[in-house]
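Protein chains in written order, with the numbering used here: chain A, -11 to 272; chain B, 717 to 880.
Each remark here refers to the structure printed beneath this line.
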């Protein structure tokens, strides 16, 4: 498998990256670990005449945990997420999710930034970031802007990022309460047949707040406000679980592929969401 | 054709310099340019792990890295882990516990296992299976691979204790 020829750049600062993006427009792509882009280039499904490797940039590999938020640099790998004890203490759902992505070698290269910026509906971090109400910092020729994860995804591989912008940071408000990332996959390394990210807080035995997002069940990740609201004010009994599942099913739009027909995917989505809610509730 | 790049690599302690197109995949650089044929090409789609090497201290699949990305890196392959006269404890254990049948996946398995045991010197069976999940074997059913890694870990830990 030989990809088409390209010019390779490894700039040492962001100004250099932006200048290349401005010069080459959508003929240029930035790359972090390359584990989404390189397979597409090998299949010649992605044509990248100008490849900009971000590994020479400093300051994008840090995980910062503050009193009210977490910041993750775009070059932080899934392995970095798994190994960061401070992060696991305040947001264990990140480690739980990262451990379900691919395999050790791929997690050593694959980055959070690439995972959220690529716009592949199969990626796990976009749904998680919608659940956690994260925001993404984009840097371009006109400066910096933040876009909410819940507003970032437009269609498969289409996002709010402009061609001359680079996603540099993922910012996450410190999550509260119980959590779960539940994923059904056919084998290690496969994308989800269905996956659910859930955060729940409780007051006494009543659900005070909930956030639910689904992975690989539409051409974008799906934050289901209706499913989240179906849990609030309940004791997460059978009725509430069924209401959340049917609300979620109204928001997703799976398509038939080699992971199964639509009816099967809807079924699995329901099973996975139930499990995720029950586990998050047990941890709340 | 894109512009050729001047590439410098350190492979198994030896400095290598050459001109290459950036799109060359590292596994081809190793096998065809440098004649380091221990890392194998299995699936070539980052699933099977037969091409696993260590780059900058991390296990990586060499089929999913351009040589341009690896420019400047230190790389270890199975050739840098042991030799026929001086086997690594993992190699001895794979031999003694029948951790291979056809042997095609073995260089990648052992190269990955060296890092697994660095990260976790005394892994449980479950931790071995999870840590080796990026390497496929179509012969053994994995039972003897797990056994071999467990045996090597015990051997390496005993040697370390004896040295202290």
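Virtual Cβ for every residue (Gly too), placed ideally from N, Cα, C.
Please read all numbers here as calculations on a predicted model, not as lab measurements.
Proximity below 8 Å, CB of residue i to CB of residue j
i                      : j                      : result
residue 204 of chain A : residue 235 of chain A : no
residue 75 of chain A  : residue 62 of chain A  : no
residue 155 of chain A : residue 105 of chain A : yes
residue 868 of chain B : residue 833 of chain B : yes
residue 195 of chain A : residue 226 of chain A : no
residue 816 of chain B : residue 865 of chain B : no
residue 199 of chain A : residue 121 of chain A : yes
residue 179 of chain A : residue 98 of chain A  : no
residue 758 of chain B : residue 820 of chain B : yes
residue 209 of chain A : residue 141 of chain A : yes
residue 16 of chain A  : residue 8 of chain A   : yes
residue 118 of chain A : residue 90 of chain A  : no
residue 232 of chain A : residue 260 of chain A : no
residue 116 of chain A : residue 81 of chain A  : yes
residue -6 of chain A  : residue 799 of chain B : no
residue 777 of chain B : residue 770 of chain B : no
residue 725 of chain B : residue 781 of chain B : no
residue 748 of chain B : residue -11 of chain A : no
residue 187 of chain A : residue 163 of chain A : yes
residue 143 of chain A : residue 207 of chain A : yes
residue -8 of chain A  : residue 50 of chain A  : no
residue 775 of chain B : residue 828 of chain B : yes
Proximal residues of chain E, C-beta to C-beta of residue i below 9 Å
i                      : result
residue 722 of chain B : Structure shown: chain E not included; protein chains present are A and B.
Partner residues on chain B for residue i, Cβ-Cβ distance less than 7 Å
i                      : result
residue 176 of chain A : 849
residue 2 of chain A   : The premise fails here: residue 2 of chain A is roughly 19 Å from chain B at the closest Cβ pair, so nothing lies under 7 Å.
Short CB-CB distance (under 8 Å) between residue i and chain B
i                      : result
residue 94 of chain A  : yes
residue 313 of chain A : The shown model of chain A, from -11 to 272, leaves out residue 313 of chain A, and the question about it has no answer.
residue -1 of chain A  : no
residue 43 of chain A  : yes
residue 33 of chain A  : no
residue 113 of chain A : no
Partner residues on chain A for residue i, Cβ-Cβ distance less than 7 Å
i                      : result
residue 765 of chain B : 93
residue 719 of chain B : -5
residue 774 of chain B : 96
Chain B residues whose Cβ lies nearer than 9 Å to that of residue i
i                     : result
residue 27 of chain A : 761, 762, 780
residue -9 of chain A : 739, 741, 782
Cβ of residue i within 8 Å of any chain A Cβ
i                      : result
residue 768 of chain B : yes
residue 799 of chain B : no
residue 727 of chain B : no
residue 777 of chain B : yes
residue 859 of chain B : no
residue 817 of chain B : no
residue 785 of chain B : yes
Interface residues of chain A facing residue i [CB-CB closer than 8 Å]
i                      : result
residue 862 of chain B : Those within 8 Å of residue 862 of chain B in chain A number zero; the least Cβ separation is about 15 Å.
8 Å Cβ cut-off: residues of chain B touching residue i
i                     : result
residue 23 of chain A : 762, 780
Whole-number beta carbon distance between residue j and residue i, since they are thought to touch under 8 Å
i                      : j                      : result
residue 167 of chain A : residue 268 of chain A : 5 Å
residue 147 of chain A : residue 112 of chain A : Actually they are not in contact, since the Cβ atoms of residue 147 of chain A and residue 112 of chain A sit about 16 Å apart, beyond 8 Å.
residue 779 of chain B : residue 852 of chain B : 13 Å between Cβ atoms; not a contact.
residue 45 of chain A  : residue 2 of chain A   : 6 Å
residue 746 of chain B : residue 793 of chain B : 6 Å
residue 78 of chain A  : residue 158 of chain A : That belief does not hold up - the Cβ atoms of residue 78 of chain A and residue 158 of chain A are roughly 15 Å apart, past 8 Å.
residue 191 of chain A : residue 165 of chain A : Their Cβ separation, rounded to whole angstroms, is 10 Å, which puts residue 191 of chain A and residue 165 of chain A out of contact at 8 Å.
residue 728 of chain B : residue 796 of chain B : 3 Å
residue 873 of chain B : residue 813 of chain B : The pair is not a contact, with the Cβ atoms about 16 Å apart (cut-off 8 Å).
residue 237 of chain A : residue 218 of chain A : Wrong, their Cβ atoms sit about 11 Å apart, outside the cutoff.
residue 810 of chain B : residue 826 of chain B : 6 Å
residue 766 of chain B : residue 850 of chain B : The pair is not a contact, with the Cβ atoms about 10 Å apart (cut-off 8 Å).
residue -3 of chain A  : residue 721 of chain B : Residue -3 of chain A to residue 721 of chain B, Cβ: 11 Å. No contact.
At a cut of 8 Å, does the segment 210 to 219 of chain A reach the segment 724 to 737 of chain B through at least three beta carbon pairs?
-> no
Counting pairs of Cβ atoms below 8 Å between the segment 58 to 69 of chain A and the segment 84 to 96 of chain A, do you hit three or more?
-> yes
Decide yes or no for the touch test of the segment 742 to 757 of chain B against the segment 232 to 250 of chain A: beta carbon pairs closer than 8 Å, at least 3 of them.
-> no
Do the segment 781 to 793 of chain B and the segment 837 to 846 of chain B make contact, defined as three or more Cβ pairs closer than 8 Å?
-> no
Decide yes or no for the touch test of the segment 166 to 178 of chain A against the segment 126 to 134 of chain A: beta carbon pairs closer than 8 Å, at least 3 of them.
-> no
Is there contact here, the segment 25 to 41 of chain A with the segment 54 to 61 of chain A, by at least three beta-carbon pairs under 8 Å?
-> no
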